[in-house]
Amino acid sequence: MRQRKAAATTPKTDAANDAALREKAALVCDRLDDEYGILEWRSHGEPLGALVMTILSQHTSDKNSERAYDNLRNAYATWDDVREAPVAAIADTIRSGGLADAKAPRIKNVLGEINEKTGATNLDFLRDMPTEEGKAYLLGFHGVGPKTMACVMMFSLCRPVLPVDTHVFRVSHRLGLIEKRIGEAKAHDALENLLTPERVYPFHVHMIRHGRRVCVAQKPRCGQCSLADQCDYYRSGGVMGESADRKSPETETRHGMKAETTTTVTTV
Ligand code: SF4
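With the sequence shown counted from 1, adding 880 to any position gets you my numbering.
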């Protein structure tokens, strides 16, 4: 097990403490690598597939969204076929993923927008686009927010762009890596800035695992947590605005697992 010296004090989220926060983030990464294993960062598939998968993953489990994605790919030979299909038919095909009547028009619309902008229904050209350009390009599509964009960039294109789902956000806030008031949208950049590029993927995956298994939303299992000595929530006796956590709807995307609250499909 790697031994990294523990941060002596609780860092605060201002520019002067950036170095301390980065050190703490590195220590967290080391601990989680030790606990959950070293991950190989490899592409999870073509970028358009990752985009559709991310839409399907909202407010449902990985298992349900994967089944919906497989049904969609089996029912239509190409993304053009999906783009040209009636919304009702797409919805029927992805029904197992939940919220099909909301997700189907979103999928059809984004496929149509991509085709209109590029003249083809694929995003393979993103592979050759610089990261910042690719991020801006994806965010230009209606309904594609920072989380969806980051999922495509990280999972498909292996770029160091961090998706922040409800688990990553909650655990990071409890640890004191980010302040809760910045919200999930700004947390993407704030957390990404604390990590070296090669840490982005394992940090995302491991924080989700930790959030599922140990740092769960309602009653975190601090007694079993390898990060307790680094955790502001633990040090505070669990009084870091957690009542707000319990009242707020929490949404997740692929690789973020089951949502605690199911409402509507939104831009993420
Ligand atoms: S000590 Fe508790 S609150 Fe802090 S990260 Fe671990 S499980 Fe979460």
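Heads up, the beta-carbon is just placed ideally off N, CA and C, and yes, glycines get one too.
Taking the CA atoms as reference points, T973 sits about 17 Å from D942.
Listed by position in the chain, the residues whose beta carbon lies within less than 6 Å of some heavy atom of ligand 1 are V1051, R1054, L1055, V1094, C1095, P1100, R1101, C1102, C1105, L1107, A1108, C1111, Y1113, Y1114. Leaving aside the five residues that flank R902 on each side, the residues in its chain whose CB is nearer than 6 Å to its CB run, in chain order, L1074. Taken through DSSP and simplified to helix, strand or coil, M1034 comes out as helix.
For R986, the enclosing alpha helix (DSSP H) covers residues 980-998.
With respect to V1051, H1084 sits apart: the two C-beta atoms are not nearer than 8 Å. Secondary structure note for V932: its alpha helix (DSSP H) is the uninterrupted segment 927-936. Rounded to whole angstroms, Y1113 and F1005 show a C-alpha spacing of 43 Å. The distance from the Cβ of A971 to that of A957 is about 19 Å, inconsistent with a contact at the 8 Å cut-off. Residue burial is scored here from C-beta neighbours: R963 has at least 16 other C-beta atoms within 10 angstroms and is therefore classed as buried. In the three-state reduction of the DSSP assignment, H939 falls in the coil class.
A direct Cα-to-Cα measurement between S976 and N951 gives close to 9 Å. Within the model, the alpha-carbon separation for A899 versus L1071 is close to 13 Å.
The Cβ neighbour count for I1058, taken over all protein chains shown within 10 Å, is at least 16; the residue is labelled buried. Judged by DSSP in its simplified three-state form, A1097 adopts coil rather than helix or strand. For T1001, the three-state secondary structure derived from DSSP is coil. The alpha-carbon of M933 is positioned some 18 Å away from that of A968. In this chain, L1042 is not harboured by any alpha helix (DSSP H), its DSSP state being neither H nor E. Setting aside the 5 residues that flank it on each side, N1002 is surrounded in the same chain by L928, each with a C-beta closer than 6 Å to its C-beta; the list follows chain order. About 6 Å separates the CB atoms of S923 and S1036; that is less than 8 Å, so the two are in contact.
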